Amino acid sequence: MTSTATDNPLARPGEDAEVIVRFDGATKTFVTGKGKGRREVTAVDDVTLNIRRGEIYGVIGYSGAGKSTLVRMINGLEPATSGEIEVDGRRVDGRTEEQLAPIRRDIGMIFQQFNLFTSRTVAGNVEYPLIRAGWSKDKRKARVAELLQFVGLSERAGNYPEQLSGGQKQRVGIARALAAQPKILLADESTSALDPETTQEVLNLLRRANREFGITVVLITHEMDVVRSIADRVAVMDSGRVVEEGATAQVFSAPTTSTARKFVATVSHDEPDAEELAYLSEKRQGRLVVIDIRQGVDVGPVLSAAAARGVSFRIVFGGVSVLQKQSFGSLTVDLSGEPHVVDDAIEALSQVTTVKEVSA
Amino acid sequence: MNWSVQGPQLLTAIGETLYMVALTMLIAGVIGLFFGVALYVTRTGNLYASRAVNTGINLVVNFVRPIPFIILLAALGPLTDAVVGTRLGQNAAIFAMSIAAVFAVARIVEQNLMSVDPGVVEAARSMGVSRPKIITTVILPEALGPLVLGYTFLVIGVTDMSAMAGAIGAGGLGDFALRLGYQRFNDEVTWAAVAVIIVLVQLVQFVGNSAARKIMRR
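As they're listed, the protein sequences go chains B and R. At position 291 of the first sequence (counting the first as 1) the number is 291 in UniProt numbering, and the numbers step up by one without a gap. At position 177 of the second sequence (counting the first as 1) the number is 177 in UniProt numbering, and the numbers step up by one without a gap.
Structure below.
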């Protein structure tokens, strides 16, 4: 596994960065059916979180976890049932469609299915929000050219959406969302309909939009890989609640909830699952231990010392990743030799990192 | 068929039919578009969702639509008299045809607007576009191709209606075929009217199809 976060984490918005989106006890309840079939579904349940100006904020969760509703509460496409939502100093909750319009003009949005206007060309799609925002024709033309250049689709200006590939459509979606120079960009499963390679292209564009224009990006996804490659911080959602939140590297290296652990396991499968463990236990020659590898932990000398005392070790499972310049992962090692020497070796390892014995 | 006698009558009848159809399409096309859009935007979950308004318009549309036109033509008599000033003639026929066509147009418009991807409407909302502007600059352009086909289909329905206008003395090809052909046992005259109507309808359909194809780029 390799790191895709190429930037210095120190240059990212820190603890003291200004809050641009604030959720305070935000709840959204949908009512379906009527009469006896009437049911209330709480899609977003008492969410409190702060998104900092200039950061890329990931929201991850399984489908139905409420993340799509959560992101739509930022621009009022889904009005909150209760709680407060503030965007760039303006309250969004309790607003009418008309009152929301000026707030929405400062928030761009891209969608899983792109949602391009089929009746307009590529240039026409990008120009549309500028027409609505009252830009002059000359300014619009220059801005459209600049954005198509940014997303690498200058050649495609006169094409219609159906003539484009999925990745190109999403690039048009990004250009359109950025057109009126919003402060926030909402990306709703923006790469879920794309193949892995195209996904990276789109993520690179989002990263560039963030770095070059300082735009705050709120990205929702069910793919941990997407969060890992781009998000500064991440919120893990489950059943409408934010169950875990923090710097991406921190959530990756030390997930505290089972939902977060499952997501982390989808990309960094460094610990054997039950089935793999059963197989490894069957094949083991000595004792199986999972050794935690993290920033600042060096198990090499300990293992060398143990080897010098006749302990043989086989690495049977594991993986180490680097994220935002932080190493994390684990190695599962089969240690064999004189029982008391192996005991000593495990003791020595415990001095430098977390060691978990998994021999069945 | 004697062309020197019936030829000029046929031309007059064509003129009358075209006049009635064109004016009806214009009046009903505009008013029906309004009601069709209203039906669409007041649906649950749409821009101006309102169960009351939607149910109300639906009720009226469903009330008028099933009435056979020839009966509606007669039944509207007093109203036609009050609005147009007479129950007879072309303008009286156009009034009745417009009433009937408005509801057909409304239904066709509603159905075609339903083909618009709700995602593009959401995209426009996310840009802070006002709802009236979303209707005029997103929903209608996105549905333009199907709408053109829908209106083309309606021209044929209105032409059908116009054939009954002879019943209230409005002339037209229907009147020509029935009075000068059928009632005088002159089949050739009837067939001449049939031929003209076929050609007219083919022309309209051709123009409609070409325009829609051009709009939808396929």
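Note that beta-carbon positions come from the ideal geometry of N, C-alpha and C, so glycine has one too. No experiment lies behind these values; they were computed from the predicted model shown.
In this structure, Val102/R lies away from Val120/R, with their beta-carbon atoms at least 8 Å apart. In the structure shown, Thr42/R adopts coil according to DSSP, grouped into three states. In the three-state reduction of the DSSP assignment, Gln326/B falls in the strand class.
The C-beta separation of Gly172/R from Ala163/R comes to about 7 Å, placing the pair in contact by the 8 Å criterion. Restricted to the segment 114-179 of chain B, the alpha helix (DSSP H) segments that are unbroken, complete and at least 4 residues in length are 122-132, 137-150, 166-179, listed in chain order. The Cβ atoms of Leu149/R and Val105/R lie no closer than 8 Å to each other.
Among the residues facing chain B, Pro141/R is included, as its CB has a counterpart in that chain under 8 Å away. For Thr332/B, the beta-bridge partners assigned by DSSP are Val290/B, Phe317/B. Ranked by how close their Cα comes to the Cα of Leu140/R, the residues Thr44/R, Leu33/R, Thr12/R have Leu33/R in first place.
Pairing Val196/R with Thr190/R, the inter-Cα distance amounts to about 10 Å. Rounded to whole angstroms, Gln163/B and Ala157/B show a C-alpha spacing of 11 Å. Out of Asp24/B, Val21/B, Thr42/B, the CA that lies nearest to the CA of Val31/B is found in Thr42/B. Contact note: Thr118/B reaches chain R through Glu142, using a C-beta cutoff of 7 Å and chain order. Scanning chain R for C-beta atoms nearer than 7 Å to the C-beta of Pro129/B yields Met127, reported in chain order. Contact with chain R is found for Glu97/B, since one of that chain's Cβ atoms lies less than 8 Å from the residue's Cβ.
For the 8 Å CB-CB criterion, Leu186/B and Met109/B form a contact. For Ala247/B, the three-state secondary structure derived from DSSP is strand. Bounds of the alpha helix (DSSP H) holding Leu70/B are 67-74. The beta carbon of Ala80/B lies closer than 7 Å to those of Ala26, Thr27, Lys28, Met73, Asp93 in the same chain, with the five residues before and after it left out. Shown here, Met237/B sits in a strand according to DSSP, grouped into three states. Arg104/B belongs to the set of residues whose beta carbon lies under 8 Å from a beta carbon in chain R. Collapsing the DSSP output to three states places Ser4/R in a helix. Minimum Cα-Cα distance from Val297/B among the listed residues Lys139/B, Lys36/B, Ala231/B, Leu349/B corresponds to Leu349/B. The criterion of a C-beta distance shorter than 8 Å is satisfied by Ser268/B and Gly319/B. Here the alpha carbons of Gly54/B and Leu205/B stand approximately 15 Å from one another. Here Thr55/R carries a helix assignment [DSSP, helix/strand/coil]. In the DSSP assignment, Tyr182/R falls outside any beta strand (DSSP E), carrying neither H nor E. One Cα belongs to Phe313/B, the other to Thr199/B, and the distance between them is close to 40 Å. Under the DSSP assignment, Ile51/B falls in the beta strand (DSSP E) whose first and last residues are 39-52. Taking every protein chain shown into account, the CB of Ser4/R has fewer than 16 other CB atoms within 10 angstroms, so this residue is exposed. The residue from Tyr62/B, Phe114/B, Ser304/B, Val44/B with its alpha-carbon nearest to that of Gly83/B is Val44/B. Per DSSP, the continuous beta strand (DSSP E) segment holding Lys356/B begins and ends at 355-357. Going by beta carbons, Ser115/R and Ala28/R fall outside the 8 Å limit. Excluding five sequence positions before and after Leu11/R, none of the CB atoms of its chain fall closer than 6 Å to its own CB. Counting along the chain, the unbroken alpha helix (DSSP H) around Leu206/B starts and ends at 196-213. The residue from Ala123/B, Asn115/B, Val316/B, Ala209/B with its alpha-carbon nearest to that of Ala193/B is Asn115/B.
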